[in-house]
Amino acid sequence: MRGSVRWSYHRAAEVLHWHATRDKATPAWRLRATVVQADPFLGARSGLHFVAQLKGGHAWQWPVLELQIAGAAASRFAGGTLTARLGPIEVTGGAAKGTVILV
Amino acid sequence: MSESRIVRPETTRLDISGGDWLLVKKRLNAGEQRRAFARMYREGAAGRLQIDPLQTGLALVLSYLLDWSLLDEAGKPIAIMDADDETKAAALDAIDYDSFVEIKNAIDAHQNANEAEAAAKKKIRPGAPSSAPSSPSPVAADGALSGSKS
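Top to bottom, those sequences are chains A and B. Here the first sequence stands for residues 6 to 108, numbered as in our numbering. Here the second sequence stands for residues 13 to 162, numbered as in our numbering.
Shown next as structure tokens:
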């Protein structure tokens, strides 16, 4: 499943195979995903959100608290790894139950 | 400390006739403005760039438009949010001409209001040069866009 890190309508990163895990002790989530392409300038902006596309046109959204992108800048980080610390989930169009999401 | 020149990606909603609305970018950044210019210019005689009057309206709309409330013939929303320019252009080509002109005029008015606001801010920015630039700036090209045919 696809996802993207967004700065409003700009796309800082497109990812695949995302995996978000909630820390039981805090409302924070950890995200790990494979990068399709990323823009480090946009990725350094404040006010980013991670938007996960789900089946049926639903989407879940989290605020991004910290973001790291590892990979080759020359290939726009394609195939690299994106890790992030996310804030509490902001649900749109679907239930958000469970502590771990594997997509 | 000077004010940031980064354009924050903010949106605004423009109401049009029939209860429909457009979600548009509040301002374009330099890259978006450059891409809009690239879409509205074509190479003329001797390799000189000329404004293509048939493209200026479409270029303006594509550069600002993010989403809208328009419905298709089955009453379902015409999805353009997150679509690429080609998909949005295809949707704009599919609507009736009067509606396209209305959308273009709404965005044109929005852009003109933004430019007036930016010009007023520039006048009061500390350290801003008071004299006119010695060579034509990209802002000069905006005049052609504002007065374009769709």
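All C-beta atoms, glycine included, are put in the ideal place defined by N, C-alpha and C.
At a cut-off of 7 Å between C-beta atoms, Leu78 (chain B) counts as an interface residue with respect to chain A.
Exposed is the label assigned to Ile18 (chain B), since fewer than 16 other Cβ atoms lie within 10 Å of its Cβ. The beta carbon of Arg16 (chain A) is closer than 8 Å to those of Ser9, Val10, Asp44, Leu47 in its chain, skipping five residues each way along the sequence.
Counting the other Cβ atoms within 10 Å of the Cβ of Lys37 (chain B) gives 16 or more, which makes it buried.
At a cut-off of 7 Å between beta carbons, Pro21 (chain B) contacts chain A.
Among the residues facing chain B, Ser13 (chain A) is included, as its CB has a counterpart in that chain under 7 Å away. Between Asp28 (chain A) and Ala103 (chain B), the alpha-carbon positions lie close to 43 Å from each other. For Tyr109 (chain B), the number of other beta carbons within 10 angstroms of its own is below 16, and it is reported as exposed.
In summary, no residue of the region 100–131 of chain B has a CB separated from any CB of chain A by less than 9 Å. For Pro89 (chain B), same chain residues with a beta-carbon under 8 Å away, outside a window of 5 residues either side, are Ser81, Leu82, Leu83 in chain order.
Distance between Glu95 (chain A) and Leu53 (chain A), taken at the CA atoms: about 13 Å.
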